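Numbering (the working numbering), first residue to last: 483 to 755.
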Ligand code: 5FU
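As structure tokens, this is what we get:
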């Protein structure tokens, strides 16, 4: 299994290259998901976890006091701590609509988020729509090939079609939200092997202390995700910041470091070091 650094040197997609370089430089494959509703909490958590993260994942539409200053401060933290930004927008509409949702509105996601994602449910036109905005800016797109939730419908031929859509749009699609490596998935017998591709697999549903959240979320450990399933980035939310109503700065920092160490240990095991 190749190293993150080696993959960075050879990757054709600019956003993927940036993420792999950051992972290699900071020695962390941890993405922290910051799902809180107050701007002050959002920025405070990111300042605490930034040193341990390669990527910070946002849902800006849940923030009650969202404003342009939040984006400026987020960008300043991204520079200060050397991490990329991933708005987990999960676009799912026709090409024209997603291009407007991505570029415009209150949030103007494309102007600040290095990476975003989309459900493949509308078919390839969703990639065309998002690429028309994101490609000129050097952004990267992840397709949701699988989900972490119990009873997810993103399985079987749906997942295979998602991978085929990505293969046909490698200049903009840098990888997948998925629960396992996608090499060879959807490759027809006698068809091209997956050797030439290097899709990044970013995986939510990661926790060290519990196996679920009572609302359908299912957690696996960093080792299960990185070693057993061959994924590249662990996405961790509540396992790090706990209850947003009772934020404990020392504990947030401690948990981020703990997940970073577990994720990196798992990666070293995977590459045989
Ligand atoms: F695509 C997905 C998925 O399959 N599962 C997820 O959990 C996305 N997520 C996101 O990861 C979800 O929207 C949360 O933002 C985050 C997981 O947060 P947690 O607190 O670690 O459960």
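Glycine included, every Cβ here is placed at the ideal spot set by N, Cα and C.
This one's a predicted model, so the numbers in the text were calculated from it and none came from an experiment.
Asked	Found
Could you compute how far the alpha carbon of residue 616 sits from the alpha carbon of residue 564?	21 angstroms
In the structure shown, what three-state DSSP assignment does residue 613 receive?	helix
What does the alpha-carbon distance come out to for the pair residue 526 and residue 735?	11 angstroms
Would you mind working out which of 630, 720 and 644 sits nearest residue 607, comparing C-alpha positions?	644
Specify, as a first and last residue, the run of the alpha helix (DSSP H) that residue 647 falls within.	638-649
Residue ranges of each beta strand (DSSP E) run of no fewer than 3 residues wholly in the stretch 485-557, ordered along the chain?	512-516 and 537-540
Is the distance from the Cβ of residue 658 to the Cβ of residue 625 below 8 angstroms?	yes
Hey, could you find the ends of the beta strand (DSSP E) residue 619 is sitting in?	Where residue 619 is concerned, there is no enclosing beta strand (DSSP E), given that its DSSP letter is neither H nor E.
For residue 484, is the classification buried or exposed, using 16 other Cβ atoms within 10 angstroms of its Cβ as the cut-off for buried?	exposed
On the DSSP letters alone, give me the boundaries of the alpha helix (DSSP H) that residue 656 sits inside.	Unbroken run through residue 656 is the beta strand (DSSP E), 655-659; no alpha helix (DSSP H).
Please name the residue, chosen from 724, 706 and 695, that lies closest to residue 746 on a Cα-to-Cα basis.	706
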